[in-house]
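Residue numbers (our numbering): 8 to 425.
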């Protein structure tokens, strides 16, 4: 029972990844690691699932239809696109800007919706559950929850208005509608399809969704068809105008496996936005950086010539650079605010981020998505940093791009632009 108690308490004295733990338990029980991973996914406790159940080699063990499969993940594409070989060997999809989830049906008209973080999100998106009576039992689809109105795809900022809300009423559902965009079929009628090639799973998914009524908030993620990587690269430049993050590249012969599998799936994201910002405050980091000022608040210039904070970032510098900045911070502290140390504005970083949106919660009026340090601009003076108006322009671009491009949908809500 020792491993079971360690699972409950998280009390391993050395860091152990979930993947290595699954491999170890699989070896003990003579069970495939993927089976162990699925049994440990979702909500479970020792009253419902014992160690004997976890290690049970039989197909009838309590795997259950009410838990998601471990998600298959994509690696960032870092090599030249041509190195992937023939484009015909790859399935290409748009990389959606939403919430990844698995939709399950468990029989008797019941089902559930699980996030990638293994949390039940049924109560936040009840519209998706309305699809369950039309779907076969014993089903699991992988897909993305998107903000989706009559005009088609909406920005992630619209989806954020639904996050954290439980049991949203009809008014909010009408104002901020959503859609489950499916891109993989993992199980149907209780049959596990994960070992099938991607191309076969896709065909099964297409056949299934072709039978669905058009009024459901359920769609099929379209494929992007091009004859060469160069043509695909040109299409990728359209991503920001379409409100997507780039492409997903999946080998047509790939299985659906837990975690990142080398060479199977890649995410080819659009190049990030870049802006030069000034470090105005710093905090001590965590873990190995607990004694170093490695977390920074960053500002740009407003119309009055004042520095206004627009982001926080802590990743992107080398260890040597962090130590150098730490020494600078300690010598240039201008004020103390709890754990935060005001800093004499002298350091300029180039910050990369995925997008910007208007925000009433921030003094600057904008919020950045996934800001990180791209490089230290030692060649720039603080006067050369970017302006708040530039950042607000990125936010306006994000919020108006669909209206400017006149995106249209058909009667079923399928985005015609794609």
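From the three backbone atoms N, C-alpha and C, an ideal C-beta is built for every residue, glycine too. Just so it is clear, the structure is predicted and the values come from calculations on it, not from any experiment.
With a threshold of 8 Å between beta carbons, is residue i in contact with chain B?
{"i": "residue 276", "result": "Annotation note: the requested chain B is absent from the structure, which comprises a single protein chain."}
Alpha carbons only, please: which of the options is nearest the one belonging to residue i?
{"i": "residue 331", "options": "106, 300, 371", "result": "300"}
{"i": "residue 180", "options": "149, 215, 224, 145", "result": "224"}
{"i": "residue 381", "options": "328, 161, 74", "result": "328"}
{"i": "residue 102", "options": "255, 353, 376", "result": "255"}
{"i": "residue 383", "options": "397, 321, 404, 402", "result": "321"}
{"i": "residue 278", "options": "160, 247, 352", "result": "247"}
{"i": "residue 315", "options": "345, 399, 267, 126", "result": "399"}
{"i": "residue 395", "options": "388, 305, 387", "result": "305"}
{"i": "residue 386", "options": "89, 372, 353, 374", "result": "353"}
{"i": "residue 323", "options": "133, 215, 378, 260", "result": "378"}
{"i": "residue 77", "options": "217, 268, 211", "result": "268"}
{"i": "residue 138", "options": "185, 370, 235", "result": "185"}
{"i": "residue 175", "options": "133, 193, 157", "result": "133"}
Roughly how many angstroms separate the alpha carbons of residue i and residue j, rounded to a whole number?
{"i": "residue 154", "j": "residue 166", "result": "5 Å"}
{"i": "residue 116", "j": "residue 263", "result": "26 Å"}
{"i": "residue 136", "j": "residue 120", "result": "8 Å"}
{"i": "residue 325", "j": "residue 239", "result": "34 Å"}
{"i": "residue 87", "j": "residue 98", "result": "17 Å"}
{"i": "residue 129", "j": "residue 272", "result": "28 Å"}
{"i": "residue 205", "j": "residue 270", "result": "14 Å"}
{"i": "residue 6", "j": "residue 85", "result": "Past the edges of the chain, shown from 8 to 425, lies residue 6, and the structure says nothing about it."}
{"i": "residue 162", "j": "residue 31", "result": "42 Å"}
{"i": "residue 366", "j": "residue 148", "result": "33 Å"}
{"i": "residue 199", "j": "residue 125", "result": "19 Å"}
{"i": "residue 207", "j": "residue 334", "result": "57 Å"}
{"i": "residue 203", "j": "residue 217", "result": "20 Å"}
{"i": "residue 81", "j": "residue 249", "result": "21 Å"}
Output needed for residue i: all residues of its chain with C-beta closer than 7 Å, excluding positions within five of it in sequence on either side, in chain order.
{"i": "residue 336", "result": "289, 300, 348, 350"}
{"i": "residue 141", "result": "219, 220, 223"}
{"i": "residue 251", "result": "101, 102, 103, 104"}
{"i": "residue 183", "result": "154, 165, 168, 169"}
{"i": "residue 209", "result": "98"}
{"i": "residue 236", "result": "88, 89, 94"}
Going by beta carbon distance, what residues of the same chain come within less than 6 Å of residue i, once the five residues before and after it are set aside?
{"i": "residue 164", "result": "364"}
{"i": "residue 150", "result": "187, 188, 189, 190"}
{"i": "residue 302", "result": "290, 292, 321"}
{"i": "residue 260", "result": "204"}
Suppose the cutoff is 8 Å on Cβ atoms and the five residues either side in sequence are ignored; what does the same chain contact list for residue i look like?
{"i": "residue 172", "result": "131, 179"}
{"i": "residue 196", "result": "143, 144, 145, 146"}
{"i": "residue 376", "result": "163, 360, 361, 362, 363, 364"}
{"i": "residue 233", "result": "94, 99, 239, 242"}
Which partner residues does residue i have in the DSSP bridge list?
{"i": "residue 365", "result": "373"}
{"i": "residue 255", "result": "100, 274"}
{"i": "residue 119", "result": "111"}
{"i": "residue 349", "result": "288, 342"}
{"i": "residue 438", "result": "The structure shown does not extend to residue 438, since the chain is modelled only from 8 through 425, so no value can be given for it."}
{"i": "residue 268", "result": "Its beta-bridge partners do not exist; DSSP assigns none."}
{"i": "residue 188", "result": "151, 226"}
{"i": "residue 106", "result": "152"}
{"i": "residue 308", "result": "314, 394"}
With hydrogens ignored, establish whether the beta-carbon of residue i is closer than 7 Å to any heavy atom of the ligand NAP.
{"i": "residue 390", "result": "With respect to the ligand NAP, the structure shown offers nothing to examine, as it has no ligands at all."}
Review point. Using 8 Å as the threshold, is the region 355-371 in touch with the region 272-290, meaning 3 or more CB pairs across them?
Key: At 8 Å Cβ cutoff, the stretches touch.
Check your understanding: Does the pairing of the region 100-117 with the region 71-85 give three or more beta-carbon distances under 8 Å?
Key -> Contact between the region 100-117 and the region 71-85 is present, with at least three C-beta pairs closer than 8 Å.
**Study point:** Inter-stretch contact at 8 Å, needing at least 3 Cβ pairs: the region 338-345 / the region 304-320
**Key:** Below 8 Å, too few C-beta pairs join the region 338-345 and the region 304-320 to call them touching: fewer than three.
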